[in-house]
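Peer 1: Residue numbers (the numbering used here), protein chains in the order written: chain A, 633 to 801; chain B, 2 to 276. All C-beta atoms in this analysis are idealised placements derived from N, C-alpha and C, irrespective of residue type, glycine included. Keep in mind the model is a prediction, meaning the values are calculated, not measured.
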Amino acid sequence: MNTGLQFRLSNKTPLLVSIFFAMVLVVMRLPQWAEVWRPDWIALVVIGWAVFAPGVCGPVFGMLTGLVVDVVLAESFGVHALVYALLAYIANVLNFQMRMYTLFQQAVMVFGLTFIARSLLGLLLGIDKEIFIDFGYWAPLITNMLVWPWIYFSLRGTKLAMTASLFEP
Amino acid sequence: MSGANATAASWFVVSCLAISILVTDRQTDWLVGVRTVLSFPLGLVYTVAEVPYALYVRVDKALEVSIDTEAAYQQLRAEYAGLRAEALKIGALERENNELRSLLGVSKATRMETKYASVMDISVSSFRQQIVVDRGLIDGVYEGQVAIDAVGLVGLVTEVMVNRARVRLLTDGDVAIPLMFERSGVRTMGIGQGGSNYSLKLPFLTRNSDIHEGDLLVSSGLGGRYPEGYPVAIVESISESTAHSFLEVTAQPVVELDKLAHVLLLSSTDQDAQD
Chain A
633 MNTGLQFRLS
643 NKTPLLVSIF
653 FAMVLVVMRL
663 PQWAEVWRPD
673 WIALVVIGWA
683 VFAPGVCGPV
693 FGMLTGLVVD
703 VVLAESFGVH
713 ALVYALLAYI
723 ANVLNFQMRM
733 YTLFQQAVMV
743 FGLTFIARSL
753 LGLLLGIDKE
763 IFIDFGYWAP
773 LITNMLVWPW
783 IYFSLRGTKL
793 AMTASLFEP
Chain B
2 MSGANATAAS
12 WFVVSCLAIS
22 ILVTDRQTDW
32 LVGVRTVLSF
42 PLGLVYTVAE
52 VPYALYVRVD
62 KALEVSIDTE
72 AAYQQLRAEY
82 AGLRAEALKI
92 GALERENNEL
102 RSLLGVSKAT
112 RMETKYASVM
122 DISVSSFRQQ
132 IVVDRGLIDG
142 VYEGQVAIDA
152 VGLVGLVTEV
162 MVNRARVRLL
172 TDGDVAIPLM
182 FERSGVRTMG
192 IGQGGSNYSL
202 KLPFLTRNSD
212 IHEGDLLVSS
222 GLGGRYPEGY
232 PVAIVESISE
242 STAHSFLEVT
252 AQPVVELDKL
262 AHVLLLSSTD
272 QDAQD
């Protein structure tokens, strides 16, 4: 599978920085009306890296990110780990298709992926507490689609810049 | 195909690992230490996240029309004098109450000490309703402390980090508070609605209960977790359906939970009296 086109990020700093800022955006204070519309930034970044750098960002990366997110959001250890590992795995498998798609088709895929992620999250959190599957529960899926282009351009731009720097003498 | 198989295999292994971690964390408290240690560097996330809001508050303040300082000062002075007089009265009442209690042979009422904390983050989603405050282990905050503000009860400290603590709001879906109607003395339980709305439901009131819309609910102190007598909520709606033997009652918290800026963390200094 390692054909030479399959590129491996040697420098993981952009990965960590993007995850950090995704977490900042997730805990950032918003007006109450905007709270339900908050996109799942971390899921989007995990999908993005799993598509653009599948060699680095796979299930293991997803799980480690998830464990950190579980501390930040005070959920049981392993909840987000399980969700993001699955997300990274599916995005890994679909990475060639995703890269061929138009931005709109990608957004639809992102909707599907985050739908799976949110359903799994609801199932896991619903084991021991009552959660509310109302409109507010699904609203982030819509904003996820809308913010995907920004994630796409910033992550792809970073990746291209880094790949280019690899070929510099 | 070996690459795809390797991904699938690693996903499978990782998922099994995550599930075992999940079960371990739910069933035991072995991972609490790990969480506390990790929460220290991850506090940086909260520190960065509060920058935009702090900027917003600063800009908002700068744009505010300058208030008449003299008038505001006079008004606050008058308010202070009133509160001071009230505090004297309360002090006298407290002494009298303690004397009466000692006559009755009941242990002294717990004296509450308060600690001021600023709210750093409010998060309300389908899963949780909680706030993060800027006091933690180093300030002596402990799990189970009750948070109030000037108006009434806010919630309970559920997790303590090094310099932060998480307070679960009383309207979270996981919270139940023993309550009492101030007017009629009827005791009941208030259960958080959760979700993205700030309200409580009171599911255990029968149709002959003496309650009205607008009644004030205070904490009853039963169970010993929440101290007695703090205002909690006001009855908003009462609906009766013939299908159920209980009333469907919802109540709005007296505290404006979406506009919290500061809270007071209560700790009792008189530990013996709790027994």
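Rank A:H712, A:A717, A:I674 by C-alpha distance to the C-alpha of F652 of chain A and give the top, closest one.
Peer 2: If you compare the alpha carbons of A:H712, A:A717, A:I674 with that of F652 of chain A, the shortest gap goes to A:I674.
Peer 1: With DSSP as the reference, label M660 of chain A as helix, strand or coil.
Peer 2: Looking at M660 of chain A - three-state DSSP - the assignment turns out to be coil, as it is neither helix nor strand.
Peer 1: Considering L170 of chain B, what are the terminal residues of the beta strand (DSSP E) in which it resides?
Peer 2: 166–170
Peer 1: At a CB-CB cut-off below 7 angstroms, which residues of chain A make contact with G196 of chain B?
Peer 2: F764, D766, G768
Peer 1: State yes or no: is the beta carbon of N776 of chain A nearer than 8 angstroms to at least one beta carbon in chain B?
Peer 2: no
Peer 1: Quick one: what's I239 of chain B bridged to in DSSP?
Peer 2: B:V250
Peer 1: What ranges does the alpha helix (DSSP H) occupy inside the region 50–136 of chain B, keeping only unbroken runs of at least 4 residues that lie completely in it?
Peer 2: Fully enclosed alpha helix (DSSP H) runs of 4 or longer: 52–64, 70–105.
Peer 1: Give me the Cβ distance between G145 of chain B and R208 of chain B, rounded to the nearest whole Å; I'm assuming they're in contact under 8 angstroms.
Peer 2: No, G145 of chain B and R208 of chain B are not in contact; Cβ-Cβ is about 36 angstroms, not under 8 angstroms.
Peer 1: By the criterion of Cβ-Cβ separation under 7 angstroms, what are the contact partners of L757 of chain A in chain B?
Peer 2: F128
Peer 1: Using a Cβ cut-off of 7 angstroms, pull out every chain A residue sitting near K47 of chain B, in sequence order please.
Peer 2: Here residue 47 of chain B turns out to be Tyr, not Lys, going by the sequence shown. Going along chain A in sequence order, the residues near Y47 of chain B (Cβ under 7 angstroms) are V659.
Peer 1: Give me the Cα-Cα distance between D259 of chain B and Q131 of chain B, rounded to the nearest whole angstrom.
Peer 2: 11 angstroms
Peer 1: Whose Cβ in chain B lies nearer than 7 angstroms to the Cβ of K761 of chain A?
Peer 2: G174, D175
Peer 1: Compute the Euclidean distance between the alpha carbons of A285 of chain B and N6 of chain B, then round it to the nearest angstrom.
Peer 2: Given that chain B is displayed from residue 2 to residue 276, the structure contains no residue 285 of chain B and the question cannot be resolved.
Peer 1: With distances taken between CB atoms, is the gap from E237 of chain B to E214 of chain B smaller than 8 angstroms?
Peer 2: Yes, the Cβ-Cβ distance between E237 of chain B and E214 of chain B is below 8 angstroms.
Peer 1: Name the chain B residues that come within less than 8 angstroms of L714 of chain A, Cβ to Cβ?
Peer 2: S16, A19, I20, L23
Peer 1: How big is the Cα-Cα spacing for E97 of chain B and L104 of chain B?
Peer 2: 11 angstroms
Peer 1: M181 of chain B by DSSP, collapsed to three states: which one?
Peer 2: strand
Peer 1: Quick one: list the residues of chain A neighbouring D50 of chain B, beta-carbon separation under 9 angstroms, in chain order.
Peer 2: First, the residue type needs correcting, since residue 50 of chain B is Ala and not Asp in the sequence shown. Neighbours of A50 of chain B on chain A, chain order: M655, V656, L657, V658, V659, M660, R661.
Peer 1: Taking buried to mean at least 16 other C-beta atoms within 10 Å of its own C-beta, is D30 of chain B buried or exposed?
Peer 2: exposed
Peer 1: Counting C-beta neighbours from all protein chains within 10 Å, is the total for W780 of chain A 16 or more, i.e. buried, or is it exposed?
Peer 2: buried
Peer 1: Would you identify the three-state DSSP class for G195 of chain B, choosing helix, strand or coil?
Peer 2: G195 of chain B falls in the coil class under three-state DSSP.
Peer 1: Confirm, please, whether the CB-CB distance from Y784 of chain A to G694 of chain A is below 8 angstroms.
Peer 2: no
Peer 1: Please work out which residues of its chain come closer than 8 angstroms, Cβ to Cβ, to S242 of chain B, disregarding the five sequence neighbours upstream and downstream, and give them in chain order.
Peer 2: Hits under 8 angstroms: E249.
Peer 1: Based on DSSP bridge pairs, tell me the residues matched to M190 of chain B.
Peer 2: B:P179
Peer 1: Leaving out the 5 sequence neighbours to the left and right, which residues in its chain are closer than 8 angstroms to D173 of chain B when beta-carbon positions are compared?
Peer 2: R129, Q130, Q131, G156, G193, G195
Peer 1: Would you call T115 of chain B buried or exposed, if buried means 16 or more other Cβ atoms sit within 10 Å of its Cβ?
Peer 2: exposed
Peer 1: Is F182 of chain B buried or exposed, if buried means 16 or more other CB atoms sit within 10 Å of its CB?
Peer 2: Classification for F182 of chain B: buried.
Peer 1: In chain order, what residues of the same chain lie with their CB nearer than 8 angstroms to the CB of A262 of chain B, ignoring the 5 residues before and after it?
Peer 2: S119, V120
Peer 1: Take the Cβ of D702 of chain A as the centre, count every other Cβ of all protein chains shown within 10 Å, and call the residue buried at 16 or more, exposed below.
Peer 2: buried
Peer 1: Could you name the residues that DSSP lists as bridge partners for A234 of chain B?
Peer 2: B:L218, B:P254
Peer 1: Drop a sphere of 10 angstroms on the beta-carbon of M633 of chain A, count the other beta-carbons inside from all chains shown, and report buried for 16 or more, exposed for fewer.
Peer 2: Its pLDDT being 43, under 50, M633 of chain A is placed unreliably in this model, and the coordinates cannot settle the point.
Peer 1: If we ignore side chains and look at the alpha-carbon of each, how far apart do W12 of chain B and Y721 of chain A end up?
Peer 2: 6 angstroms
Peer 1: Could you check if G191 of chain B is buried or exposed, using at least 16 other CB atoms within 10 Å of its CB as the buried criterion?
Peer 2: By the 10 Å Cβ count, G191 of chain B comes out buried.
Peer 1: Check whether chain A comes within 8 angstroms of L265 of chain B, counting only Cβ atoms and requiring the distance to be less than that.
Peer 2: no
Peer 1: Could you check where the alpha helix (DSSP H) with S200 of chain B kicks off and where it finishes?
Peer 2: From DSSP, S200 of chain B is part of no alpha helix (DSSP H); its letter is neither H nor E.
Peer 1: Along the region 141–160 of chain B, where does the CB come closer than 8 angstroms to a CB of chain A? Name the residues.
Peer 2: T159, E160
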